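Residue numbers (our numbering): 54 to 480.
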């Protein structure tokens, strides 16, 4: 898929509100304002229900729409919808929504729940519209070329209380299903600072996957490992980032923890995930809300599958979007779809240029002759295009001289598609 970018910058608050600057790769740029009180009772009420897992499908859509109407507003909203409408008309085109958020109190909000009331879907759950956070870090991403298999170091400290057996089984299942395109090295039992250091020096890894718990003391985040003498060893985010300082092959960290994506509402670039990005990790996937064991396993399975095979292999933003969508399918009433947060430095979303990636066949080859089944499919397709054309004609007629060019272009495309199908059907 070929992506176009939609970058949205949110700057520090002023008496008027938060300045917004949006730049669409195809539609130009605009400036506007976002009116937001991060401590408003309405917003705090939404967040409280998510924390307490008192959610259902209707609530998640309502909350996502609430966030969307705050952020994708005014001229920014018009620009985004125009950009979205343009890529929707083109096969193999996508639109990346990249958030550049300066105020920490705004960055602390769960924008991953954004729901478009016009398109009727959660923005970050489609590979056509991946949603990422782009911290301001000016470092090159080195050594992209990577030969399969992808080597992932997995740390599961003892005493986490998680269903470790199920997590292990899921990772083994992923490796088997992908014909060993991804291979996992498990550190389990007593996982200490020395255990991790030794593993990282013994061979090169492409990704690190942590399954466990985090802890926060004020703005300071920490990861729970096993101690050499004591049961637990809380490694703060500053020290944790040092483990990966000189490992250029390691491009991805997955923090499968309850609050790995948590951000300070008062200080920018604090928290475990942010610290890793600052230290040079190109992509960090972390959870801002706890996932159930079942949801955690589902996310890992679908994420690695999308990352290692298919047309978007190596693109972490597309892999996260695909996995979010699977969470929304399998756990529609839970806030799981908004839990994964992707912090990404790569402008293109590509962190691995995978050599030997297997391409999944997404559709069967066309039959040389039209079978009855194919004729029926074309009939259904023709009906759909004709309905699309009628709707567009009515909209353009109502709007008159104000009808946008992209709508007229879409009408022409629908007409061309109708003629092509009619020719195939011999009409």
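We treat Cβ as the ideally placed atom computed from N, Cα and C, and that holds for glycine. All of these numbers come straight from a predicted model, not from anything done at the bench.
For a cut-off of 8 Å, the C-beta gap from residue 445 to residue 464 is around 4 Å, short enough to register as a contact. Look at residue 146 here: in three-state DSSP terms it is strand.
CA-to-CA, the gap between residue 336 and residue 189 works out to about 13 Å.
Residues 240 of the same chain have their beta carbon placed closer than 6 Å to that of residue 248, with the five preceding and five following residues left out of the count. By the neighbour-count criterion, in which 16 or more other beta carbons inside 10 Å mark a residue as buried, residue 110 falls on the exposed side. Per the DSSP secondary-structure output, residue 76 pairs in a beta bridge with 60, 82. DSSP lists 169 as the bridge partner or partners of residue 174. Less than 8 Å divides the Cβ of residue 133 from the Cβ of residue 125.
Each of 62, 148, 144 was checked against the Cα of residue 129, and the nearest Cα belongs to 62. Taking a 10 Å sphere around the C-beta of residue 298, we find fewer than 16 other C-beta atoms and assign the residue as exposed.
Taking residue 179 as the centre and dropping the five residues before and after it, the same chain places the C-beta of 374, 378 closer than 7 Å to its C-beta, in chain order. For the segment 371-407, the continuous beta strand (DSSP E) assignments of 3+ residues that do not extend past its boundaries occur at 393-397, in sequence order. Per the DSSP secondary-structure output, residue 163 pairs with nothing in a beta bridge.
A Cβ-Cβ distance of about 6 Å is found for the pair residue 152 and residue 164, placing them in contact under the 8 Å criterion. Only buried fits residue 361, as 16 or more other CB atoms lie within 10 angstroms of its CB. By alpha-carbon distance to residue 131, the top candidate from 225, 83, 65, 87 is 83. According to the DSSP assignment, residue 262 belongs to the beta strand (DSSP E) that extends over 260-264. In this structure residue 341 is buried. Its beta-carbon is surrounded by 16 or more other beta-carbon atoms within 10 angstroms. Our two residues, residue 332 and residue 402, have alpha carbons roughly 18 Å apart in a direct line. Using a Cβ distance threshold of 8 Å, residue 245 and residue 220 do not count as a contacting pair. Between the C-alpha atoms of residue 338 and residue 371 there is a straight-line separation of about 12 Å. Close CB contacts of residue 123 within its chain, under the 8 Å cut and outside five residues either way in sequence, are with 87, 88, 89 (chain order). Residue 106: not part of any alpha helix (DSSP H); DSSP gives it neither H nor E. For residue 54, the secondary structure class from DSSP, reduced to helix, strand or coil, is coil. Under the Cβ criterion (8 Å, minimum of three pairs), the segment 380-389 does not count as touching the segment 223-232.
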